[in-house]
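Peer 1:
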Amino acid sequence: MQHRLIYILFILVSVISYGQVNLSMETDKSEYGGKDIVNLTIILEINGSDIDHQTRFQLPDLSKFTMIGSGSVTNTLVDPATNTVITQKISRIALEPKKKGKIKIGSVLVTLNNKIYKTEPFDINIRDVVDKRSLAANTSGDVYLNMEIEDREVYQDQPTVAVLRVYSRNMDNLRKVKNIRLPQQDNINVHPVSFGKSEIDPSGYGNMASQVLAVFMIFPNEAGYVEVPSVSASVNSYAKKNKIVSNKVKLNVKKLPEGSPEGFKNAVGNFNVSVYNTSKDKIEVDKPVHVVVKVSGEGNLPDMDLPKIMTSPDYEFFTPKITSKVVPGTTGMKGEILANYVVIPKKPGAISVKTEQFAFFDPESREYIEMGQKSLALNAFSHEQILESRTTVEKVNEYTNNLLETVNTPVLKTTTLKVKEKHKFHWNILLTNIAILVGLFIVYLLFKTWQKKRALVRETTSSKPLGSVAETEKEIKEMLKTDINDYFSYLENLKDNGEYSKFFDTLEEMDIEVRNQYSQADSGDFRAFLENEKGSSVAEEYRNLMQRIEMEKYSPLKSSEGIEDLLKAVVNLYSKISK
């Protein structure tokens, strides 16, 4: 009989322990400052698997706080000693106090198996809570700034809109607020939306007139509780200038979901990527090609990491020039950002220029979207293939242009003497042409007279050996050669005047002049000639300089410093290779 009673007692104890429920709520401390966050932790522990969880946590009255964030997690484990399933649910709530003093936090309720469980209420003490609408003032205490952020719970790199208002009992003071400085901090990116002042609201907070001074977007770039620093401004009066600052606002920045794809970096919003070639001419090996990677959409567009071009042995590229066309949108900054790359093909044939993998997080759907790689197919030709593909008219035009460029000098360009086609007769043009013909005729007469005098002088002097044909040709070239220093002076003037188009045209003329001195019409043949005569280092320097000239010539943005450095390199190289 005694053994039966002991057996029954053990059964009752196991049943009681099998269905045990523990519910508690606590804070991290009992006393808080005015800027502290109150963290409530609710723990529900259930021993057993036959308990019906009928309701969620019913929170107490939290009207004396501002809820800035919440989260929960559920853990389940099996006790190996009793083979009992233990379920533990932990919820955490972050609160910002509105008032100071002693505040009572009521009970949390939950219903399990038709039975209500609750926690014990307790008190916490709040010290020195400052009213958000009177955080800063001038010396008269009559002008206040307030930064208002409606959505304080966002994802990392997701924007939230902030509104800056000014309050004053005297409407005249609202016009004196100037020099607004938006907050700056490493863990946030701030972009202004508008600095236009709104109409004055005469019935603002505390019977004070108010006015919107600025609207801006805040992009927090790290997860957790982020405090947005104050906005500052100045109140100008006849006597002095007073500085005022706004309140600080805390954000609950949610961490992005796990399982981000390989191409994701920090793009949050909705975007699209495209790659294209801006040049319509045929692509030649070792000649620059402009390839643009465009990212468009709406989100953290100005602060995101752009997808880069992948390296390849088929081509080389240089650091891109970034241009942006971005305006404020409804869910972020919208527009497009262009990365302009200079790509130089290294082999003829088909070339595929690929970008990195790209993915972004869409806050609306709360999922990652993979865009993959973007590629651009290019077909590069060798210099010989380019020459063979030209038509007869193109060859004639190129020969004519080369002839005109060779005749031109840095001081006088023959193209300026070209008479433009007019629809009616002009006497000025006729008289100008007649004067030119008369001048040429007089020059011809003077030349003939000079030849006769020279012939008489030759007869009186001793005869001089004529020399070989090569020596005569060398003397004629020396007489017709343009001094390379004239080009340098003319290029310096063009650089100082900012005439970059003429600057690069003159560079081409100078290069043709120098190549003609060595009887080398093609730049590729001239590089081979320099390698044989001047050495491989000079030939490589010439090739790099030609590529640099092409890049600067077709660059969308030209700086005076870059042109000056280019001119120094040109003077240094051509002084060595020019005869």
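Take 1 as the starting number for the sequence shown in the UniProt record's numbering and just add one per residue.
Using N, Cα and C, we set each Cβ at its ideal position, and we do this for glycine too.
Anyone know if the C-beta pair for residue 580 and residue 546 falls short of 8 angstroms?
Peer 2: In the structure displayed, the chain extends from 1 to 579; residue 580 sits before or after that span and is not available.
Peer 1: Going by C-alpha distance, which of 152, 118 and 96 is nearest residue 24?
Peer 2: Of 152, 118 and 96, the residue nearest in Cα terms is 118.
Peer 1: Is it buried or exposed, residue 342, if we count other Cβ atoms within 10 angstroms and call 16 or more buried?
Peer 2: Burial call: buried.
Peer 1: Three or more C-beta pairs under 8 angstroms: does that hold for the region 255 to 275 against the region 97 to 105?
Peer 2: In short, these stretches do not touch, since the Cβ pair count stays below three.
Peer 1: Drop a sphere of 10 angstroms on the beta-carbon of residue 202, count the other beta-carbons inside from all chains shown, and report buried for 16 or more, exposed for fewer.
Peer 2: Counting Cβ neighbours within 10 Å, residue 202 comes out exposed, since fewer than 16 surround it.
Peer 1: Looking at the structure shown, is residue 509 part of a helix, part of a strand, or coil, going by DSSP?
Peer 2: In the structure shown, residue 509 sits in a helix (DSSP, three-state: H, G or I).
Peer 1: Between the C-alpha atoms of residue 229 and residue 185, what's the straight-line distance to the nearest angstrom?
Peer 2: Near 8 angstroms, if we compare the C-alpha coordinates of residue 185 and residue 229.
Peer 1: Of the choices 199, 181, 200 and 198, whose alpha-carbon is the least far from that of residue 192?
Peer 2: When each option's Cα is compared against that of residue 192, the closest is 181.
Peer 1: Evaluate residue 160 with the Cβ neighbour count: other Cβ atoms within 10 Å of its Cβ, from every protein chain shown; 16 or more gives buried, anything less gives exposed.
Peer 2: Buried, by the Cβ-count rule.
Peer 1: For residue 20, tell me which candidate among 87, 70 and 526 has the shortest Cα-Cα distance.
Peer 2: Looking at the Cα atoms, 87 is the closest of the given residues.
Peer 1: In chain order, what residues of the same chain lie with their CB nearer than 7 angstroms to the CB of residue 369, ignoring the 5 residues before and after it?
Peer 2: If we look at residue 369 and ignore the five residues flanking it on each side, its Cβ neighbours are 359, 360 and 362.
Peer 1: If you reduce the DSSP assignment to three classes, tell me which class residue 449 lands in.
Peer 2: Correct three-state label for residue 449: helix.
Peer 1: Suppose you measure from the CA of residue 535 to the CA of residue 574; what does that come to, to the nearest Å?
Peer 2: Near 14 angstroms, if we compare the C-alpha coordinates of residue 574 and residue 535.
Peer 1: Helix, strand or coil for residue 381? Go by DSSP, reduced to three states.
Peer 2: Three-state result, residue 381: strand.
Peer 1: Determine the burial state of residue 252: buried for a count of at least 16 other Cβ atoms within 10 Å of its Cβ, exposed for fewer.
Peer 2: Buried, since its Cβ has 16 or more Cβ neighbours within 10 Å.
Peer 1: Measuring only the C-alpha atoms, how far is residue 196 from residue 151?
Peer 2: About 22 angstroms.
Peer 1: Among the candidates 33, 47, 93 and 76, whose CA atom is the shortest distance from the CA of residue 27?
Peer 2: The shortest Cα separation from residue 27 among 33, 47, 93 and 76 belongs to 93.
Peer 1: Given residue 90, which residues of its chain have a CB within under 6 angstroms of its CB, disregarding the five upstream and five downstream residues?
Peer 2: 43 and 73, listed in sequence order.
Peer 1: When you compare the CB positions of residue 121 and residue 104, do they come within less than 8 angstroms of one another, or not?
Peer 2: Yes, they are a contact pair.
Peer 1: If we call anything under 8 angstroms between Cβ atoms a contact, is residue 295 one with residue 336?
Peer 2: Going by C-beta atoms, residue 295 is nearer than 8 angstroms to residue 336.
Peer 1: Are there 16 or more other CB atoms within 10 angstroms of the CB of residue 444, so buried, or fewer, so exposed?
Peer 2: Classification for residue 444: exposed.
Peer 1: Restricting to runs no shorter than 4 residues, where is the alpha helix (DSSP H) found entirely within the region 515 to 554?
Peer 2: Those alpha helix (DSSP H) runs which fall completely within the region 515 to 554 and span 4+ residues are 523 to 533 and 536 to 553.
Peer 1: Go to residue 81, then tell me how far its alpha helix (DSSP H) extends in each direction, as first and last residue.
Peer 2: Here residue 81 belongs to no alpha helix (DSSP H), and DSSP marks it neither H nor E.
Peer 1: Go to residue 362, then tell me how far its beta strand (DSSP E) extends in each direction, as first and last residue.
Peer 2: First-last of the beta strand (DSSP E) with residue 362: 358 to 362.
Peer 1: Suppose the cutoff is 7 angstroms on Cβ atoms and the five residues either side in sequence are ignored; what does the same chain contact list for residue 305 look like?
Peer 2: Excluding residues within five positions, the ones whose Cβ falls inside 7 angstroms are 265 and 266.
Peer 1: Write down the C-beta distance between residue 588 and residue 147 rounded to the nearest angstrom, noting that I regard them as a contact closer than 8 angstroms.
Peer 2: Residue 588 lies beyond the residue range present for the chain, which begins at 1 and ends at 579; the question has no answer from this structure.
Peer 1: Return the Cβ separation of residue 219 and residue 247 in integer angstroms, given the expectation that the two are a contact with Cβ distance under 8 angstroms.
Peer 2: Wrong, their Cβ atoms sit about 20 angstroms apart, outside the cutoff.
Peer 1: If I measure Cβ to Cβ from residue 569 and keep anything under 8 angstroms in the same chain, skipping five residues before and after, which residues do I get?
Peer 2: Hits under 8 angstroms: 545 and 548.
Peer 1: Should residue 289 and residue 277 be called a contact, given that it needs their Cβ atoms to be closer than 8 angstroms?
Peer 2: Yes, the Cβ-Cβ distance between residue 289 and residue 277 is below 8 angstroms.
Peer 1: What does the alpha-carbon distance come out to for the pair residue 30 and residue 321?
Peer 2: Each residue's alpha carbon lies about 56 angstroms from the other.
Peer 1: Pull up the DSSP beta-bridge partners for residue 290, would you.
Peer 2: Answer is 342.
Peer 1: Anyone know if the C-beta pair for residue 307 and residue 353 falls short of 8 angstroms?
Peer 2: No; because the gap between Cβ atoms is not below 8 angstroms, this pair is not in contact.
Peer 1: DSSP on residue 110, reduced to helix/strand/coil?
Peer 2: Note: residue 110 maps to strand in three-state DSSP.
Peer 1: Can residue 283 and residue 379 be called in contact, C-beta distance under 8 angstroms?
Peer 2: Yes, the Cβ-Cβ distance between residue 283 and residue 379 is below 8 angstroms.
Peer 1: How many Å lie between residue 311 and residue 319 at the Cα?
Peer 2: Straight-line Cα distance between these residues: approximately 12 angstroms.
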